[in-house]
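Peer 1:
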Amino acid sequence: MEFPAFAKVFLGALKPLIQLYFTIPLAGFLLFLGVYFGIVNNQRSFTRYVRFNALQAIILDICLSLPTIIEYVFKPPTAGIAFQMYASAYSAIWIVVLASVAYCMAMCFMGNTPRLPFLSEASDHQLP
172 MEFPAFAKVF
182 LGALKPLIQL
192 YFTIPLAGFL
202 LFLGVYFGIV
212 NNQRSFTRYV
222 RFNALQAIIL
232 DICLSLPTII
242 EYVFKPPTAG
252 IAFQMYASAY
262 SAIWIVVLAS
272 VAYCMAMCFM
282 GNTPRLPFLS
292 EASDHQLP
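Quick look at the structure:
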């Protein structure tokens with residue numbers, strides 16, 4: 172599967188971190204636990220704003236695992252129009268995630284709380 176051309180620039184800059192992430196067994200799960208227990212549940216050290224954004228990032232990551240689960244259940248196509256649709260769907264998911272992260276970063280830099288549909292409501296319900 173080929174990434175969009177502009178994605179290669181970002182992936183090139185993050186290559187050492189990506190390699191480290193994939194060499195450590197259960198790195199994703201350990202990172203999830205670290206963010207959740209270190210930031211989200213730490214009411215004394217972090218403001219609600221920081222905890223909200225961390226929880227929103229966790230929920231976005233969980234949502235990103237859904238296409239992978241669907242991929243394991245249904246074998247992805249390898250050729251033809253079905254493969255083109257599959258590749259387009261992956262590109263669309265990547266662009267939506269990139270736009271979501273860019274939006275959240277811009278809102279945080281401006282000092283505002285980013286509001287993503289469904290994710291913000293779920294984050295609000297989880298935080299006291």
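Under the working numbering, residues 172 to 299 are what the sequence shown spells out, in order. Just so it is clear, CB atoms sit at the ideal spot from N, CA and C, and this is done for glycine as well. The structure presented is a predicted model; accordingly, all values stated were derived computationally and were not measured.
If you measure between the beta carbons of R222 and V206, is that distance less than 7 angstroms?
Peer 2: No; because the gap between Cβ atoms is not below 7 angstroms, this pair is not in contact.
Peer 1: Is the Cβ of H296 closer than 7 angstroms to any Cβ of chain D?
Peer 2: Absent from the structure is chain D; it holds one protein chain and no more.
Peer 1: Do S271 and L226 have their CB atoms nearer than 7 angstroms?
Peer 2: no
Peer 1: Pop quiz: Y192 and A184 are said to be a contact at Cβ under 8 angstroms. What is the actual Cβ separation, rounded to whole angstroms?
Peer 2: Approximately 14 angstroms separates the beta-carbon atoms of Y192 and A184; this is outside 8 angstroms, ruling out the contact.
Peer 1: Tell whether a beta-carbon distance below 7 angstroms holds between P285 and M278.
Peer 2: yes
Peer 1: Thinking C-beta only, is Y261 closer than 7 angstroms to P247?
Peer 2: no
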